[in-house]
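Residue numbers (full-length UniProt numbering): 1 to 462.
Report on the structure given below.
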Ligand code: BES
Ligand code: MN
Ligand code: MN
């Protein structure tokens with residue numbers, strides 16, 4: 001029976017070329033201008049699932065972009081793995097910061113990826129990582145080594161909040177019934193430090209609008225005598241953190257669970273170089289909440305960040321003007337137990353309350369989701385750990401991530417199963433940034449590790 005390494009070797013070029021073709025389609029879910037491309041990508045995924053050995057695959061229409069569903073069920077008595085991933089990508093802007101066009105994938109060597117990395121929007125998040133599962137499936141079906149049932153659910157709206165997927169999951173509990181959910185849409189600590197993501201942060205995303213006078217004013221004639229919405233907005237935003245970088249919204253921390261000293265000590269054992277961290281993003285100092293380490297700040301602590309801010313004159317030269325309106329987009333990363341809808345409400349009432357006379361404030365909630373933590377003694381975690389042990393020769397380290405995949409907590413709530421997050425990306429792969437890439441080595445390592453997860457999960461389930 002052919003083993004996975006030799007199968008990858010025989011099909012290396014095709015595996016890369018198929019991914020490259022997929023990356024050429026600009027499936028940006030956030031921007032309506034890309035609508036046709038997003039829909040086209042769903043068709044390509046559906047075909048790839050059938051070619052990989054699914055007995056059945058379909059496009060499930062939603063009020064937004066379609067969900068691709070595929071399955072191979074051959075024995076009701078065997079466990080079922082549900083694979084989730086997303087085929088939509090973030091906008092590639094700002095285009096001028098890319099060294100090569102985002103939808104013309106090229107393979108280039110980097111210091112971290114001496115075997116080369118594929119540069120394209122979506123290479124790592126999540127087309128490359130999702131497609132590892134399709135190719136692992138191909139290997140298992142073509143070589144008769146699929147040990148259990150498989151379902152695939154690949155959506156096209158993850159980057160815009162998975163609103164329609166939530167409805168789909170709630171309405172299709174029987175169809176999606178499974179014993180474990182498997183996702184590759186996170187990262188690992190380093191090439192030689194495999195890790196399994198055991199936590200995700202929740203999210204509350206809001207947009208705020210501050211309105212002052214009913215029209216833009218001459219900043220000489222009116223300046224100093226009316227509230228300037230941009231001045232006011234920045235002042236209000238600044239007040240959301242205190243001198244210790246604690247968030248000042250009343251009630252914000254009420255449901256935040258403090259980790260025990262033991263848990264924090266365990267976390268601190270994960271390899272981490274502060275110098276390397278600073279160098280990798282060119283900063284001379286880290287910054288954050290007092291009393292917590294960098295790794296704690298970006299995983300087990302909630303945060304509030306402005307993601308965009310605008311208003312007034314931003315064209316060439318100088319225009320003397322007091323704008324009528326100012327805007328900002330603000331995200332709050334949440335930790336398990338914080339209810340995102342409740343936090344959104346807390347933000348809204350606080351923000352409205354701190355607005356001074358002379359301006360009006362509107363808070364518009366966008367989307368959100370709950371955080372997630374998963375235990376390390378579940379069957380799924382043990383199976384994943386054994387799989388990594390085989391392919392990396394090391395036991396993977398459990399790690400809570402700072403990112404969010406809001407649908408994961410809904411999976412647990414609706415489908416009553418645990419999610420295992422086997423990520424193969426690196427922080428330096430620049431997801432959501434210009435020059436996103438995914439290591440060729442990581443791509444093949446993922447394809448190599450995934451079939452072992454199926455094998456061990458099936459064995460452990462007996
Ligand atoms: N794959 C990422 C999330 C991620 C990346 C988690 C790396 C852990 C490690 C996902 O596509 C993403 O970008 N999620 C968004 C949230 C979504 C609601 C827009 C995020 O985290 O900003
Ligand atoms: Mn993703
Ligand atoms: Mn993303």
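For glycine and all other residues, C-beta sits at the position ideal for the given N, C-alpha and C.
Q) Would residue 184 be called buried (16 or more neighbouring beta carbons within 10 Å of its own) or exposed? A) Its Cβ being crowded by 16 or more others within 10 Å, residue 184 is buried.
Q: Measure the C-alpha to C-alpha separation of residue 328 and residue 56 and round it to an integer number of angstroms.
A: In a straight line, the C-alpha of residue 328 is about 45 Å away from that of residue 56.
Q: May I ask you to report which of helix, strand or coil DSSP gives residue 318?
A: In this structure, residue 318 counts as coil in the three-state DSSP scheme.
Q. Between the C-alpha atoms of residue 466 and residue 353, what's the straight-line distance to the nearest angstrom?
A. Nothing about residue 466 can be read from this structure; the chain reaches only from 1 to 462.
Q: Might you give, ordered along the chain, the residues of its own chain that have their beta carbon closer than 7 Å to the beta carbon of residue 140, omitting 5 neighbours on each side?
A: Excluding positions up to five away in sequence, the list reads 146, 451 and 454.
Q. Around the C-beta of residue 425, are 16 or more other C-beta atoms found within 10 angstroms, so that it is buried, or is it exposed?
A. Buried: at least 16 other Cβ atoms inside 10 Å.
Q: Would you mind listing the alpha helix (DSSP H) stretches within the UniProt domain "Peptidase M20 dimerisation" (199-357) that are 4+ residues and don't spill past its ends, in chain order?
A: Entirely contained in the UniProt domain "Peptidase M20 dimerisation" (199-357), the alpha helix (DSSP H) runs reaching 4 residues are, in chain order, 229-238, 261-267, 274-281, 294-297 and 340-353.
Q: Let me know if residue 338 comes out buried or exposed under the rule of 16 or more other beta-carbons within 10 Å of its beta-carbon.
A: Buried.
Q: Check whether the Cβ of residue 86 sits closer than 8 Å to any heavy atom of ligand 2, and report yes or no.
A: At least one heavy atom of ligand 2 lies closer than 8 Å to the C-beta of residue 86.
Q | Check: residue 90 C-beta below 8 Å from any heavy atom of ligand 5 | A | The model depicted lacks ligand 5 and carries ligand 1, ligand 2 and ligand 3 instead.
(Q) Is residue 160 close to ligand 1? I mean its beta-carbon at under 8 Å from any heavy atom of the ligand. (A) Residue 160: yes, Cβ under 8 Å from ligand 1.
Q: Can you check DSSP and say which residues form a bridge with residue 60?
A: Residue 60 is bridged by DSSP to 67.
Q) Given residue 216, which residues of its chain have a CB within under 6 Å of its CB, disregarding the five upstream and five downstream residues? A) Within the same chain, 321, 323 and 324 come within 6 Å of residue 216 by CB-CB distance, once the 5 residues on both sides are set aside.
Q: Apply the 10 Å Cβ neighbour rule to residue 310 and answer buried if 16 or more other Cβ atoms are within range, or exposed otherwise.
A: Burial call: exposed.
Q. By how many angstroms is the C-alpha of residue 209 removed from the C-alpha of residue 363?
A. In this structure, the straight-line span from the alpha carbon of residue 363 to that of residue 209 is close to 7 Å.
Q) Can you tell me where the alpha helix (DSSP H) with residue 458 in it begins and where it stops? A) Membership of residue 458 in the alpha helix (DSSP H) is indicated by the continuous run 440-461.
**Q.** Distance cut 5 Å, beta-carbon to ligand 2 heavy atom: residue list by chain order
**A.** Ordered by chain, the residues meeting the criterion of a beta-carbon within less than 5 Å of a non-hydrogen atom of ligand 2 are 125, 126 and 185.
Q: Mind the definition here: the segment 61-71 touches the segment 37-52 only if three or more C-beta pairs lie below 8 Å; say whether that holds.
A: Flag = yes, the segment 61-71 and the segment 37-52 touch.
Q: Would you tell me roughly how many angstroms separate the C-alpha atoms of residue 175 and residue 92, rounded to the nearest one?
A: Going from the Cα of residue 175 to the Cα of residue 92 covers about 35 Å.
**Q.** Cβ-heavy atom distance, residue 367 to ligand 1, below 8 Å
**A.** Remark: the shortest separation between the CB of residue 367 and any heavy atom of ligand 1 falls under 8 Å.
Q.
For residue 297, which residues in the same chain have their Cβ closer than 6 Å to its Cβ, ignoring the five residues on either side in sequence?
A. The residues 288 and 289, in chain order, have a CB closer than 6 Å to that of residue 297 in the same chain once the five nearest residues on each side in sequence are set aside.
Q. CB of residue 406 to nearest heavy atom of ligand 1: below 8 Å?
A. Checking the Cβ of residue 406 against ligand 1 gives yes.
Q | Complete runs of the alpha helix (DSSP H) confined to the segment 130-198 [at least 4 residues] | A | Complete alpha helix (DSSP H) runs here, min 4: 163-171.
Q | Among 458, 459 and 447, nearest to residue 6 - alpha-carbon criterion | A | It is 447 whose Cα lies nearest to the Cα of residue 6.
Q.
Less than 6 Å between C-beta atoms, sequence neighbours within five positions excluded: which residues of the same chain meet that for residue 78?
A. The beta carbon of residue 78 is closer than 6 Å to those of 148 and 149 in its chain, skipping five residues each way along the sequence.
**Q.** Between the CA atoms of residue 408 and residue 257 - distance to the nearest angstrom
**A.** Taking the straight line from one Cα to the other gives about 19 Å.
(Q) Following a CB-centred definition, is residue 322 positioned closer than 8 Å to any heavy atom of ligand 3? (A) Judged by the Cβ position, residue 322 fails to qualify as a neighbour of ligand 3 at the 8 Å threshold, every heavy atom of the ligand being at least this far.
**Q.** Same chain, Cβ closer than 7 Å to residue 60, five either side skipped, listed in chain order
**A.** Closer than 7 Å at Cβ, skipping near neighbours: 66, 67, 69 and 168.
Q. Are residue 199 and residue 371 touching if we call contact CB-CB under 9 Å?
A. At the C-beta level, residue 199 and residue 371 come within 9 Å of one another.
Q: Check the C-beta distance from residue 131 over to residue 19 and give it rounded, since I have them as a contact under 8 Å.
A: Contact holds; Cβ gap of about 5 Å.
Q. Considering only residues of the same chain and omitting the five flanking positions on each side of residue 439, which have a CB-CB separation below 6 Å?
A. The residues are 113 and 117.
Q) Near residue 460, what residues of its chain come up, given a Cβ to Cβ distance below 7 Å and the 5 sequence neighbours on each side ignored? A) 379, 382 and 383.
(Q) Can you confirm whether the segment 264-281 touches the segment 232-252 when touching is taken to mean that 3 or more C-beta pairs between the two stretches lie within less than 8 Å? (A) Touching, no, given that fewer than three Cβ pairs across the two stretches are closer than 8 Å.
Q.
So for residue 128, helix, strand or coil by DSSP?
A. In the structure shown, the three-state DSSP call for residue 128 is helix.
Q) Is any heavy atom of ligand 1 found at a distance shorter than 8 Å from the C-beta of residue 401? A) Yes, Cβ of residue 401 sits closer than 8 Å to a heavy atom of ligand 1.
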